[in-house]
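*Asks:* Residue numbers (my numbering), protein chains in the order written: chain A, 2 to 250; chain B, 12 to 268.
The C-beta atom is built at its ideal place from N, Cα and C for all residues, glycine as well.
Nothing here was measured: the structure is a model prediction, and the numbers come from that model.
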Amino acid sequence: MKYPRIEVRELKKSFDENIILDHINFKVHVGESLVIIGASGSGKSVLTKCIVGLSKPDDGDIFLDGHRLETNSSHRKSEAANLISYVFQNSALFDSLTVIENISFGPQFLNKQSKRVANEIARESMIKLDIHPKFWPMYPNELSSSSRKIVAIARALAVKPKIIIFDEPSTGLDIRASRKLDYLIRDSVKNENITAITITHDINSALHIADSIAMLHKGKLIWSGEPSELKKSDREEVRRFIKPFLTST
Amino acid sequence: MVLIKHIGRYVLETLKILGRLVIFVEKAISHCFKPPYFYQLILKQVIDIGYYSLPVVGLTTLFSGMVLALQSYNGFTRFSSESAVATVVALSITRELGPVLAGLMVTGRVGSSIAAELASMKVSDQIDALKILGTNPFDYLIAPRIIACIVCLPILVLIGNIIGVFGGFLVGVYKLNFNPSTYLYQTVLYLEPMDIASGLNKAAIFGLLLGIMGCFHGYNCTRGAQGVGLATTNAVVSGCILILIFNYLVTELFFSS
Chain A
2 MKYPRIEVRE LKKSFDENII LDHINFKVHV GESLVIIGAS GSGKSVLTKC IVGLSKPDDG
62 DIFLDGHRLE TNSSHRKSEA ANLISYVFQN SALFDSLTVI ENISFGPQFL NKQSKRVANE
122 IARESMIKLD IHPKFWPMYP NELSSSSRKI VAIARALAVK PKIIIFDEPS TGLDIRASRK
182 LDYLIRDSVK NENITAITIT HDINSALHIA DSIAMLHKGK LIWSGEPSEL KKSDREEVRR
242 FIKPFLTST
Chain B
12 MVLIKHIGRY VLETLKILGR LVIFVEKAIS HCFKPPYFYQ LILKQVIDIG YYSLPVVGLT
72 TLFSGMVLAL QSYNGFTRFS SESAVATVVA LSITRELGPV LAGLMVTGRV GSSIAAELAS
132 MKVSDQIDAL KILGTNPFDY LIAPRIIACI VCLPILVLIG NIIGVFGGFL VGVYKLNFNP
192 STYLYQTVLY LEPMDIASGL NKAAIFGLLL GIMGCFHGYN CTRGAQGVGL ATTNAVVSGC
252 ILILIFNYLV TELFFSS
């Protein structure tokens, strides 16, 4: 039987009295690129942090390749760590390490490669993503935000994940850099046959990247479908959310 | 009723922080004793914490030794006991002033920087990124800093003791006109290994305290830039207070009889 790469069932999460995620259900298949859209505070980041094991859900199940993740304890150590990579909204590159050290960190410590092999993997990854060699010995604070995002993607891809999660990849970038990043994400995911979940509130990015789109609103998954169906949605919340983007393009 | 509610909330909040601290300490210490060890990071921290704190500790103990010699001479002349100056300087520096002053100065310099560094890593998601890349932050960030603090403080105190006693010697010989060899003889005459050992033991405990406080407040930082500032302040204040409290407790343990 072929399982979806990721399956989320009845996921619930709340902080004190605030319900952040309310009975979330969805599946993502191998090689599929799911984009989750929604306004700020709709629970997108919390959802991905639950999937990756950085936040513990109150209830519900997450399955990776049909195997249930132990959501009551941090599952970073076990199953998920070698499967899922995460690109943070603010890149989260290690300040004290150079670009090449940042990218070789995963292969060295997660994939347990020797330093020499990890550096080799990092070099390949940087060449693939067109990161100029002059950037390799630089520190993250010497890079522009779009370069930092690309390095963060290279770091995430260097561990050869089966699943990659992008948290607001185009935040803080101008339109040109944002589109370049969209193509980079789409190509990387397709070329490596990686399953991707991208969270964004930028509809144009979503339409570029997605095979399927889901919308979170106040902690509930209120709509899902193909990108072409998004504009035809009759859900009031969806139409209201996408309206500013459609009028601006 | 409102007052009781506020007190209750304050007590619960304090207990929550204490509980979190106990769990953190247990986790931090256990990770100091189990692999993986990041030797390069430990060495880097030893250099940052130990080597770069030398000037601060050296200057502090040098001038403290000098002031102590001057003050004790002024006091002892009233009882015609000037010869006790060298002994008092040596005992005060090795037993109390060396460890406490070094502990407080290193807390100000290192405790704050540990807290600020970890806090800014926390608010910029670098600690989460470590977890994603299969590395336990307690192995990679916390343990090297705590190990370096425990190792460096006794060494700094030992060097500080020598510099402090030398400060007293300078004032004794060049200002108070003591005979150099008599001063040195008086310095070692009543100084016992236990005096030095107790100071070094204190230093190791102070190192543990300042390392744990810096790491705890930095690692549990919230609320962005404001949180980084708060973590730094809390690390220094709690580190200094704990050093003074534990100084009494350890002194009681060593010298109560």
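#1: Taking C-beta pairs closer than 9 Å, name the residues in chain B that A:Ser86 reaches, listed in chain order.
#2: I need the straight-line Cα distance from B:Gly314 to B:Cys226, nearest angstrom please.
#3: Beta-carbon separation of B:Gly76 and B:Phe177 under 8 Å?
#4: Please return the same chain residues whose Cβ sits closer than 7 Å to the Cβ of A:Arg10, not counting the five positions on each side in sequence.
#5: With DSSP run on the structure shown, which of helix, strand or coil describes B:Tyr185?
#6: Would a check of beta-carbon distances place B:Ser135 closer than 8 Å to chain A?
#7: What are the boundary residues of the beta strand (DSSP E) that includes A:His218?
#8: Let me confirm a value: A:Glu102 is counted as buried when at least 16 other C-beta atoms fall within 10 Å, else exposed. Which label applies?
#9: Could you tell me the alpha carbon to alpha carbon distance between B:Leu169 and B:Gly19, rounded to whole angstroms?
#10: To the nearest angstrom, report how far apart A:Asp23 and B:Val117 are at their CA atoms.
#11: Could you name the residues of the same chain whose beta carbon sits closer than 7 Å to that of B:Val67, not counting the 5 residues immediately before and after it, in chain order?
#12: Whole angstroms is fine: what's the gap from B:Phe266's alpha carbon to A:Met139's?
#13: Return helix, strand or coil for A:Ile104, following the three-state DSSP convention.
#14: Pull up the DSSP beta-bridge partners for A:Thr199, would you.
#15: With a threshold of 8 Å, are at least 3 pairs of Cβ atoms found where one atom belongs to the stretch 33-40 of chain A and the other to the stretch 90-107 of chain A?
#16: Along the chain, where does the alpha helix (DSSP H) containing B:His17 start, and where does it finish?
#17: Which residues in chain B sit within 7 Å of A:Val53, going by Cβ to Cβ distance?
#18: Which residues in chain B sit within 8 Å of A:Ala1, going by Cβ to Cβ distance?
#19: Taking three-plus beta-carbon pairs below 8 Å as touching, is the stretch 189-205 of chain B in contact with the stretch 152-171 of chain B?
#20: At a cut of 8 Å, does the stretch 170-177 of chain A reach the stretch 192-204 of chain A through at least three beta carbon pairs?
#21: So if DSSP puts A:Ile85 in a beta bridge, which residue, or which two residues, is it bridged to?
#22: Specify, as a first and last residue, the run of the beta strand (DSSP E) that A:Lys14 falls within.
#23: Am I right that A:Ile122 and A:Ser105 are in contact with their C-beta atoms under 8 Å? What's the rounded C-beta distance?
#24: Return the CA-CA distance between B:Thr243 and B:Gln137, expressed in angstroms with no decimal places.
#25: Span of the alpha helix (DSSP H) holding A:Lys129?
#26: Beta carbon of B:Tyr201, beta carbon of B:Leu102: below 8 Å?
#27: Between the beta-carbon of B:Ala140 and the beta-carbon of B:Gly229, is there less than 8 Å?
#28: Tell me where the beta strand (DSSP E) around A:Gly173 begins and ends.
#29: Is it true that the CB of B:Ile216 sits closer than 8 Å to the CB of A:Val53?
#30: I need the straight-line Cα distance from A:Arg187 to A:His218, nearest angstrom please.
#31: Using the beta-carbon count (16 or more within 10 Å), is B:Met205 buried or exposed?
#32: Whole angstroms are fine: how far does the CA of B:Pro110 sit from the CA of B:Val134?
#33: When the distance is taken between beta carbons, is B:Ile158 closer than 8 Å to B:Ala39?
#34: Is the CB-CB distance between A:Asp66 and A:Arg6 below 8 Å?
#35: Give the range of the beta strand (DSSP E) segment to which A:His24 is assigned.
#36: What's the C-alpha gap between B:Val57 and B:Gly240?
*Replies:* Let me spell this out:
#1: Ile143 and Leu144
#2: Since the displayed chain B opens at 12 and closes at 268, residue 314 of chain B lies outside it and no answer follows.
#3: yes
#4: Asn26, Gly61 and Asp62
#5: helix
#6: yes
#7: Ser213 to His218
#8: buried
#9: 46 Å
#10: 49 Å
#11: Met116 and Arg120
#12: 54 Å
#13: helix
#14: A:Val36 and A:Phe167
#15: no
#16: Val13 to Phe44
#17: Ile143
#18: Lying outside 2 to 250, the shown extent of chain A, residue 1 of chain A is not represented and no answer is given.
#19: no
#20: yes
#21: A:Ile164
#22: Ile7 to Phe16
#23: 7 Å
#24: 18 Å
#25: Lys116 to Lys129
#26: yes
#27: no
#28: No beta strand (DSSP E) contains A:Gly173, which DSSP labels as neither H nor E.
#29: no
#30: 25 Å
#31: exposed
#32: 34 Å
#33: no
#34: yes
#35: Asn19 to Val29
#36: 24 Å
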